[in-house]
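S.K.: Submitted below is the structure of interest, expressed as C-alpha cells.
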Amino acid sequence: DQKASHELRESGEKLHDLKRKKLDTDLYCLTAEEYSLGRSNIEVVKAMLNAGIKIIQYREKEKKMLHKYRECVKIRELTWDAGATFIVNDHIDLAMMVEADGVHIGQDDLPIEKVRELVGGKMIIGVSTHSPLQAQDAIDKGADYIGVGPIFSTRTKKDVCDPVGFEYLDYAVKNVNIPFVTIGGIKEHNIAEIKARGAKMIAMVTEIVGSENIEKKIESIRRKLSGVYTR
Ligand code: 3NM
C-alpha cells in the first residue's frame, strides 16, 4: 500500500515536471487567420515552428468544427515533428481527439475542475484570467498555467475586458506560483518592458501573424528579449 502510494506520488511528480517543461518558453504564439495577411493557419504555424517557437495555440472562432479538426490534426503533426507544445483554445473534445498537449479555456467556459475530470491529469489546462481573484480561483481549481491580460487594449479578442495594465502583471509576477503567459496588445516595441517587469512567457497574436515575414519578426523580437534585465 505504501509502495503504491509512493509510486502514485512519483508518477504525479513526473507528470507535473513534464507539464512544466512543456510550458518552459519565452514566446507563446497563437493562430488568428483573419489577421494573417491571407496566409492559412497551417502556413503561419509552419513559419512559427521554423523560427523555433515552442508553444502554439490553435485559436479559431469562425470555422466549422470539421475544418478546425482537420487543421488541428495537421498542426499536431507539425508540432510533434518540431518538439513543440500544442494547445487548443476552447474545444476540449478537439484537444482530446488530436492528442493536443493542452486546452485553453476562458472565464465563461466549462468549470476547470470538471474539465480536469474529463481530460485527466496529463493534459495541460490553461485559463485566461483578468484579475488576482480569477488567478487564485484558477490555481485552486487545478489550472497548469494562466493567461494574464489584456495588458494593453487589443481588438483581437472580441469579448475581453478593458486592459488590466501593469498592476495585474506586477501582482502575477509577485504572487502567481504557476506558469503564466502575459497577453494583450503586446508588440515588438513594448515587449522589453513587459519582460523587464518579470514576465517570463509572453504571447502575441497580431504582432506575429500579421507581420510580412513571420520568421524575421520572431528573430527580431528574440533579439529584443535577450539581455533584458528581469526581476
Ligand atoms: N486573450 P494581440 S487578450 C487571445 O487577455 C487573447 O485573455 C487575451 O491579441 C486575454 O496580441 C487576447 O493581437 C488577444 O493583442 C491578444
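Each residue of the sequence shown is one higher than the last, beginning at 9 in my numbering.
All C-beta atoms, glycine included, are put in the ideal place defined by N, C-alpha and C.
Return helix, strand or coil for Gly235, following the three-state DSSP convention.
M.R.: Position 227 of the sequence shown, counting from 1, holds the residue named residue 235. Looking at Gly235 - three-state DSSP - the assignment turns out to be coil, as it is neither helix nor strand.
S.K.: Tell me the rounded alpha-carbon separation between Asp152 and Ile186.
M.R.: By one-based count along the sequence shown, residue 152 stands at place 144. By one-based count along the sequence shown, residue 186 stands at place 178. In a straight line, the C-alpha of Asp152 is about 7 Å away from that of Ile186.
S.K.: Alpha carbon to alpha carbon, how far is Val217 from Asp89?
M.R.: Against the sequence shown, residue 217 aligns to sequence position 209. Against the sequence shown, residue 89 aligns to sequence position 81. Cα to Cα, the separation comes out at about 21 Å.
S.K.: Just the C-alpha distance for Gln65 and Ala103, rounded to the nearest angstrom, thanks.
M.R.: Your numbering for residue 65 matches position 57 in the sequence shown. Your numbering for residue 103 matches position 95 in the sequence shown. Near 11 Å, if we compare the C-alpha coordinates of Ala103 and Gln65.
S.K.: Can you tell me which of the three DSSP states Leu102 falls into?
M.R.: As a position in the sequence shown, residue 102 is number 94, starting the count at 1. In this structure, Leu102 counts as helix in the three-state DSSP scheme.
S.K.: Just verifying my parser: in three-state terms, what is the DSSP assignment at Met212?
M.R.: Residue mapping note: residue 212 aligns to position 204 of the sequence shown, counting from 1. Note: Met212 maps to strand in three-state DSSP.
S.K.: Does Gly110 pass the burial test, meaning 16 or more other C-beta atoms within 10 Å, or should it be called exposed?
M.R.: For the purposes of this step, residue 110 is taken as the residue at position 102 of the sequence shown. Classification of Gly110: buried, given that the 10 Å Cβ count is 16 or more.
S.K.: Is the distance from the Cβ of Val106 to the Cβ of Val81 below 8 Å?
M.R.: Residue mapping note: residue 106 aligns to position 98 of the sequence shown, counting from 1. Residue mapping note: residue 81 aligns to position 73 of the sequence shown, counting from 1. Yes, they are a contact pair.
S.K.: Hey, would you say the C-beta of Gly129 is under 7 Å away from at least one heavy atom of the ligand GDP?
M.R.: In the structure on display, the ligand GDP does not appear, and the ligands it does have are the ligand 3NM.
S.K.: Could you give the DSSP three-state label for Leu141: helix, strand or coil?
M.R.: Numbered from 1 along the sequence shown, position 133 holds the residue referred to as residue 141. In this structure, Leu141 counts as helix in the three-state DSSP scheme.
S.K.: Need the endpoints of the alpha helix (DSSP H) that Ile83 sits in, please.
M.R.: Your numbering for residue 83 matches position 75 in the sequence shown. Looking at the DSSP string, the run of the alpha helix (DSSP H) that includes Ile83 is Met73 to Ala90.
S.K.: Should Ile186 be listed as close to the ligand 3NM, given that the test is whether its C-beta is under 7 Å from any heavy atom?
M.R.: For the purposes of this step, residue 186 is taken as the residue at position 178 of the sequence shown. No, the Cβ of Ile186 stays beyond 7 Å of every heavy atom of the ligand 3NM.
S.K.: First and last residue of the alpha helix (DSSP H) that includes Tyr153?
M.R.: Along the sequence shown, read from residue 1 onward, the residue named residue 153 stands at position 145. Here Tyr153 belongs to no alpha helix (DSSP H); instead the beta strand (DSSP E) covers Tyr153 to Val156.
S.K.: Who are the near neighbours of Val181 in its chain, counting only those whose CB is closer than 6 Å to its CB and skipping five residues on each side?
M.R.: Sequence index remark: in the sequence shown, residue 181 carries index 173 (1-based). Closer than 6 Å at the Cβ level, and outside the excluded window around Val181, lie Gly206.
S.K.: His112 bridges to which residues according to DSSP?
M.R.: Counting from one through the sequence shown, the residue named residue 112 turns up at place 104. For His112, which the question treats as bridged, DSSP gives the partners Asn97 and Gly134.
S.K.: Any heavy atom of the ligand 3NM inside 7 Å of the beta-carbon of Glu70?
M.R.: Along the sequence shown, one-based indexing puts residue 70 at 62. Every heavy atom of the ligand 3NM is 7 Å or more from the Cβ of Glu70, so no.
S.K.: Strictly by DSSP, which residues pair up with Leu38?
M.R.: As a working mapping, residue 38 is identified with position 30 in the sequence shown. Gln65.
S.K.: Please report how far the alpha carbon of Leu38 lies from the alpha carbon of Asp9, in whole angstroms.
M.R.: For the purposes of this step, residue 38 is taken as residue 30 along the sequence shown, with counting starting at 1. For the purposes of this step, residue 9 is taken as residue 1 along the sequence shown, with counting starting at 1. One C-alpha to the other measures close to 45 Å.
S.K.: What do you reckon, is the C-beta of Lys165 under 7 Å from a heavy atom of the ligand 3NM?
M.R.: Position 157 of the sequence shown, counted from the first residue, corresponds to residue 165. Result yes, Cβ under 7 Å from the ligand 3NM.
S.K.: Can you find at least 3 beta carbon pairs, one from the region 194-202 and one from the region 147-162, that sit closer than 8 Å?
M.R.: Yes: the two stretches touch, three or more of their Cβ pairs being nearer than 8 Å.
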